[in-house]
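The structure under discussion appears below in the form of structure tokens.
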Amino acid sequence: VEEELAHTLGEIAGLVGGRVVGDPGFEVNGISSLDEATRADISFFIDRRYSGRLKSTRAGALIVGSELPSFQGHQVVVARPDLAYARTAALFAPCSGEARGIHPDAFIHDTSRIGENVTIHPGVYVGEDAVIGDGVVLFPGVFVGARVRIGRGTVIHPNASVLHDCTVGREVILHAGTVVGADGFGFFQDGSGSVKIPHIGSVRIDDRVEIGANCTIDRAALGTTWIKEGVKTDNLVQIAHNVVVGEKTLIVAQTGISGSTSIGRGVVIGGQVGIGDHLTVGDRAMIGSQSGVAKSVEAGGVVSGTPAVSHRLWLKISRLLIRLPVLNSRVRSLERKVEELERRLEGRM
Amino acid sequence: VEEELAHTLGEIAGLVGGRVVGDPGFEVNGISSLDEATRADISFFIDRRYSGRLKSTRAGALIVGSELPSFQGHQVVVARPDLAYARTAALFAPCSGEARGIHPDAFIHDTSRIGENVTIHPGVYVGEDAVIGDGVVLFPGVFVGARVRIGRGTVIHPNASVLHDCTVGREVILHAGTVVGADGFGFFQDGSGSVKIPHIGSVRIDDRVEIGANCTIDRAALGTTWIKEGVKTDNLVQIAHNVVVGEKTLIVAQTGISGSTSIGRGVVIGGQVGIGDHLTVGDRAMIGSQSGVAKSVEAGGVVSGTPAVSHRLWLKISRLLIRLPVLNSRVRSLERKVEELERRLEGRM
Amino acid sequence: VEEELAHTLGEIAGLVGGRVVGDPGFEVNGISSLDEATRADISFFIDRRYSGRLKSTRAGALIVGSELPSFQGHQVVVARPDLAYARTAALFAPCSGEARGIHPDAFIHDTSRIGENVTIHPGVYVGEDAVIGDGVVLFPGVFVGARVRIGRGTVIHPNASVLHDCTVGREVILHAGTVVGADGFGFFQDGSGSVKIPHIGSVRIDDRVEIGANCTIDRAALGTTWIKEGVKTDNLVQIAHNVVVGEKTLIVAQTGISGSTSIGRGVVIGGQVGIGDHLTVGDRAMIGSQSGVAKSVEAGGVVSGTPAVSHRLWLKISRLLIRLPVLNSRVRSLERKVEELERRLEGRM
């Protein structure tokens, strides 16, 4: 089996648009970090901080940004070695992905429409009038509710749930345990308690989105919670009802975005951030980890902290915060000196 | 199909206890926000901030708190337009909810007892001696452990798990992926590591509780973790072993409550809050988002921040926190002035 | 049935290595807290704070660290009453755990290897070439991917997922909804968006680890995300790609550890902590709840706060933080006094 995974450097150079320094016929059967690579592996050098490891690596070949005279093995030289690493690693991914059809132990509603070349594992549920595109892979335990549409080439991992009437685009990845389309959290109070606001909207997830494991993306009260093209979220992220997340935005783990907030495109949101409701975060803004965002953020803004302010200011505040005891002592010292000054001036009056 | 969802304004007014200004026979087949409504929709005006949208809305009818002379379409006037909106929206919810019986691909233990008019989807598991009340809906992938009791009219969404010996009341909603009854986190240390404290208690969830998606509500070590009547939680909320949450309390997303803490009734807890163990939060208290609560909170208390203090004080602290660099400069300026004063006084002695 | 759970004090004393004061033949059929115990229960006294409850408890017997002359009932005296409580409670745990074999409604791939005395419930999926050890229990909805290895005596609770190529040791507990082996969050940016870094590494979980409910432990990009022997995590914990967590470390709920960070052995991490990427946390360090750790922590370090500093310093900072309004007033008062001093000195020049 191992042999099937072997690739020549010439093949890899062709894939990534690079050139081989050394033997294009040299075969590698895996990719590893500099530390862990063996003679049969290709590795990569994309981070200057690891240059010390170049001497000790046993990798048979390296992906590099420019030729390294000091390295003894073969090299694939390419303008963007990071992207070349990503593409090469994909060669060695263990999941082959050939279509396996619909397993008889999956439940597929009669009225659903299923595309070509799908893989639907045992224990999957596909509801009424759902539409499953070509090449879709649904792992065991996946729930696809009534009238859901799943676009071509999308992969949904085990035990994830896409509830009724939601739409998932093409080449989307939903990781295991994620829930798309639970009711948003909204209630009115009457005399006797909470009256549930029916959530009759839906969720729309556009093409090439990737959602981490055990995330929750809530259904809109009315209208649509909308995750636009190319958005990537990490695990355990909460996206509330009626939120819009713009194209290519990145959201790190355990962040929560409150209801009706609109996030722009190309935004980067760190981990464990909380963003209030009905706010706007402009395009290309960056929000530091663990921030608490209670006001809208302008396009290109870089904010951190709780309450979130400009990242530069937050760095200053952080440094001063941990020196609060010193500041307090300085104030006490000033108080003593001023008292002394007052006494002396008083005494001389 | 659309026609089946049409309702007259007279019908809606009857449902919500309002009166029609305009034509009671006017039919709407959906409900939408002011922005998105079409001529065939009813919309609603419940938030003054959106009064600007009244001019541009294309809604055929509006639910309003008092007659709006400026609005051209039909109106349903009602004392509480928010509640009327919630009730009207429920009319248009796509899930009909008629009982579908027990699907043959569900696993139902012989010793369990199943009520009337239930809907048990394929892929559900119901364990030994479990009791499922009338009208209960269990979506695919739901796990109901041994001796669990589920009350009348409760709905459990896909891939949620209720572990052995837990009790769920009537008309409860558990959203997808939620876990009720995992062991609490408790260990004693002996010389060689952690000794697990067996969690032989259970979880009790009372009537009309709603728990968000991917939440975790842990089983008590001994006794009961208890979520009382009418509590509503958002997604990804953690409730530890032996916690008690009082009636009608609201808990926003990603909040965690540590072991043996007792939360009163009518409490409102914001998102991403952490509450320590063995504390008491009094009735009707309010806890701001991202707070870190390390001390008990009295009834009616309004607290925020880390460490949590009165909300009013926290607002002051927040404002001063982001002005720490200014405060620091003021102290430095004072230091220079005092030094100068000292020098001058010294020179004149 | 109740009778089957009855145990004599002599039996319990034997189990925990203690001695009986009173009647060794006295039978108890449950264990409860001091408050909730009945005459047929054994209770325990391990926390001085609850000594007031000794007078009012109705427990028929007590586990104690030293004989209590004031208590009327029977006693089991033992050096470590906490450990004795844990062991006694295990006697009364409702899940018997006898092997039930492989249910016909589980899906077991032909090429997998299944040990002796397993319990594989309906709705479980076991993939190609997976290896399931002796005595393993897989609850309904569990997904075990291709080539996964599960060690002897491990229990995986409902709807948890262990993805392809991951390894789980012996006597591990994975609680419901947890996801092991989702892709890590890693992308390179090219001109048009995010290029996914293929995650072709895996997750290794060693013996006697316990992972809470709805956690996420990501697969390494290359190499291994490694959770070492005896680690215990609470619920909703996020462990990113390539993280290493040392032996016997404890991690409380909702904490997140970023990519490639290495946590030592015997570390204790509070709830809702965020730890940055590529950091090192030394052995036996302690990290307070809600901390934001942006720098490595030395062995034995005790840190808290955001940014995390020594716990002692953070306590000081916290106290001063909530007195910022007072500090601000003191500075304003100093400013007035200094101005007055300057005026007076000026006037006298």
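Chains as they are written, first to last, in our numbering: chain A, 1 to 349; chain B, 1001 to 1349; chain C, 2001 to 2349.
The beta carbon of each residue, even a glycine, is placed where N, CA and C say it ideally should be.
Quick one: which chain C residues come within Cβ less than 9 Å of L1015/B? The residue labelled residue 1015/B in the question sits at position 15 within the second sequence. Simply none; closest approach about 38 Å.
Return the chain-ordered list of same chain residues with a C-beta closer than 8 Å to the C-beta of P140/A, the five sequence neighbours on each side being excluded. As a position in the first sequence, residue 140/A is number 140, starting the count at 1. Excluding positions up to five away in sequence, the list reads H121, P122, G123, V124, P158, N159.
8 Å contact criterion, which I1150/B and I1173/B should meet: CB distance rounded: The sequence position of residue 1150/B within the second sequence is 150, counting from 1. The sequence position of residue 1173/B within the second sequence is 173, counting from 1. No, I1150/B and I1173/B are not in contact; Cβ-Cβ is about 12 Å, not under 8 Å.
When Cβ atoms are compared, which residues of the region 2129-2143 of chain C fall closer than 9 Å to chain B? Correct list: F2139, P2140, G2141.
Check whether the Cβ atoms of T1013/B and V1021/B sit closer than 7 Å, and answer yes or no. Here residue 1013/B refers to the residue found at position 13 when the second sequence is read from its first residue. Here residue 1021/B refers to the residue found at position 21 when the second sequence is read from its first residue. A quick correction: the sequence has Ala, not Thr, at residue 1013/B. One thing to note: A1013/B has its Cβ no nearer than 7 Å to the Cβ of V1021/B.
Consult DSSP for E2210/C and reduce its assignment to one of helix, strand or coil. As a working mapping, residue 2210/C is identified with position 210 in the third sequence. Strand at E2210/C.
With three or more beta-carbon pairs closer than 8 Å as the criterion, would you say the region 307-315 of chain A touches the region 283-293 of chain A? Short answer: they touch.
Could you tell me the boundaries of the beta strand (DSSP E) in which I322/A lies? To locate residue 322/A, count along the first sequence from 1; it is residue 322. Per DSSP, I322/A is not a residue of any beta strand (DSSP E), being assigned neither H nor E.
Report the start-end ranges of each beta strand (DSSP E) in the region 1167-1241 of chain B that is 3 residues or longer and not cut off at the edges. Runs of the beta strand (DSSP E) inside the region 1167-1241 of chain B: 1179-1183, 1187-1190, 1193-1196, 1202-1205, 1216-1219, 1224-1227.
Quick check: is the beta carbon of G123/A nearer than 7 Å to any beta carbon in chain C? Against the first sequence, residue 123/A aligns to sequence position 123. Chain C contact via Cβ: present.
If we count Cβ pairs, one from each stretch, closer than 8 Å, do we get three or more for the region 2216-2225 of chain C versus the region 2239-2251 of chain C? Yes, since at least three Cβ pairs between the region 2216-2225 of chain C and the region 2239-2251 of chain C fall closer than 8 Å, the two stretches touch.
Does the Cβ-Cβ distance between D2206/C and E2171/C come in under 7 Å? In the third sequence, counting from the first residue as 1, residue 2206/C sits at position 206. In the third sequence, counting from the first residue as 1, residue 2171/C sits at position 171. Against a cut-off of 7 Å, the Cβ pair of E2171/C and D2206/C comes out as no contact.
Which ranges does the beta strand (DSSP E) cover as unbroken runs of at least 3 residues, wholly within the region 1282-1319 of chain B, from first to last along the chain? Taking 3 residues as the minimum length, the beta strand (DSSP E) runs contained wholly in the region 1282-1319 of chain B are 1302-1304, in order along the chain.
Between G271/A and chain C, is the shortest Cβ-Cβ distance under 7 Å, so that the two count as touching? As a first step, residue 271/A is located in the first sequence; it is residue number 271 there, counting from the start. Yes, its Cβ sits closer than 7 Å to a Cβ of chain C.
Inside the region 2052-2112 of chain C only - alpha helix (DSSP H) runs reaching at least 4 residues: DSSP runs (the alpha helix (DSSP H)) wholly in the region 2052-2112 of chain C: 2053-2056, 2081-2091.
Checking 7 Å against the spacing of the C-beta atoms, do Q2075/C and L2054/C come in under that value? Counting from 1 along the third sequence, the entry for residue 2075/C is found at position 75. Counting from 1 along the third sequence, the entry for residue 2054/C is found at position 54. No, Cβ-Cβ distance for Q2075/C and L2054/C is not below 7 Å.
Please state if the CB of A146/A and the CB of H164/A are separated by a distance shorter than 7 Å. Translated into the one-based positions of the first sequence, residue 164/A becomes position 164. Translated into the one-based positions of the first sequence, residue 146/A becomes position 146. Less than 7 Å separates the beta-carbon of H164/A from that of A146/A.
Taking C-beta pairs closer than 7 Å, name the residues in chain C that Q238/A reaches, listed in chain order. Within the first sequence, the letter at position 238 stands for residue 238/A. Residues of chain C passing the Cβ test: none, with the nearest at roughly 11 Å.
Around the C-beta of V2326/C, are 16 or more other C-beta atoms found within 10 angstroms, so that it is buried, or is it exposed? For the purposes of this step, residue 2326/C is taken as residue 326 along the third sequence, with counting starting at 1. It counts as exposed.
For D277/A, which of I1275/B, G1270/B, L1279/B has the nearest alpha-carbon? Mapped onto the first sequence, residue 277/A falls at position 277. Minimum Cα-Cα distance from D277/A among the listed residues I1275/B, G1270/B, L1279/B corresponds to G1270/B.
Taking the alpha-carbon of G2025/C as reference, which of T2225/C, E2098/C, G2010/C has the nearest alpha-carbon? Translated into positions along the third sequence, residue 2025/C becomes position 25. If we check each option's Cα against that of G2025/C, G2010/C comes out closest.
Determine the direct distance from the alpha carbon of Q1272/B to that of T1255/B, and round the result to whole angstroms. Here residue 1255/B refers to the residue found at position 255 when the second sequence is read from its first residue. Here residue 1272/B refers to the residue found at position 272 when the second sequence is read from its first residue. About 4 Å.
Buried or exposed, going by whether 16 or more other CB atoms sit within 10 Å of the CB of S1161/B? The count along the second sequence starts at 1 and reaches residue 1161/B at position 161. It is buried - the Cβ of S1161/B has at least 16 other Cβ atoms within 10 Å.
Look at the Cβ atom of V2016/C, then the Cβ atom of A2084/C, and state whether they are nearer than 7 Å. Taking the first residue of the third sequence as position 1, residue 2016/C is located at position 16. Taking the first residue of the third sequence as position 1, residue 2084/C is located at position 84. Against a cut-off of 7 Å, the Cβ pair of A2084/C and V2016/C comes out as a contact.
Would you identify the three-state DSSP class for I46/A, choosing helix, strand or coil? Start at 1 with the first residue of the first sequence, and residue 46/A comes out as number 46. Reduced to three states, the DSSP call for I46/A is coil.
Are A2086/C and F1188/B close, meaning C-beta to C-beta below 7 Å? Reading the third sequence from its first residue, position 86 is the one you call residue 2086/C. Reading the second sequence from its first residue, position 188 is the one you call residue 1188/B. For A2086/C and F1188/B, yes; Cβs fall inside 7 Å.
Kindly list the residues whose CB is nearer than 7 Å to the CB of G2177/C, restricted to its own chain and excluding five residues on each side of it in sequence; keep chain order. By one-based count along the third sequence, residue 2177/C stands at place 177. The residues are N2159, A2160, A2213, N2214.
So I2046/C and I2031/C are in contact, right, with Cβ under 8 Å, and what is the actual spacing, rounded? Translated into the one-based positions of the third sequence, residue 2046/C becomes position 46. Translated into the one-based positions of the third sequence, residue 2031/C becomes position 31. The pair is not a contact, with the Cβ atoms about 12 Å apart (cut-off 8 Å).
So, with DSSP's three-state summary, where would you put V1027/B? Working through the second sequence from its first residue, we reach residue 1027/B at position 27. Looking at the sequence itself, residue 1027/B is Glu, so the reference to Val does not match. Correct three-state label for E1027/B: strand.
Where does the unbroken alpha helix (DSSP H) through V1016/B begin, and where does it stop? Counting from one through the second sequence, the residue named residue 1016/B turns up at place 16. Looking at the DSSP string, the run of the alpha helix (DSSP H) that includes V1016/B is 1009-1016.
Interface flag, P198/A vs chain B, CB-CB below 7 Å: One-based indexing of the first sequence puts residue 198/A at position 198. The beta carbon of P198/A falls within 7 Å of a beta carbon belonging to chain B, placing the residue at that interface.
Buried or exposed: G1127/B, going by 16 or more other Cβ atoms within 10 Å of its Cβ? The count along the second sequence starts at 1 and reaches residue 1127/B at position 127. It counts as buried.
By DSSP, does V2244/C sit in helix, in strand, or in coil? Indexing the third sequence from 1 puts residue 2244/C at position 244. Strand at V2244/C.
Just to confirm, are T57/A and E27/A a CB contact at a threshold of 7 Å? Residue mapping note: residue 57/A aligns to position 57 of the first sequence, counting from 1. Residue mapping note: residue 27/A aligns to position 27 of the first sequence, counting from 1. With a cutoff of 7 Å on beta-carbon distance, T57/A and E27/A are scored as not near each other.
How many angstroms separate the CA atom of E2003/C from the CA atom of A2040/C? On the third sequence, position 3 is the one that residue 2003/C refers to. On the third sequence, position 40 is the one that residue 2040/C refers to. Reliability of the predicted coordinates at E2003/C is poor, the pLDDT of 45 falling under 50, and no value is obtained from them.
On a Cα-Cα basis, can you pick out the residue from E1247/B, S1192/B, G1191/B that is closest to S192/A? Reading the first sequence from its first residue, position 192 is the one you call residue 192/A. Each of E1247/B, S1192/B, G1191/B was checked against the Cα of S192/A, and the nearest Cα belongs to E1247/B.
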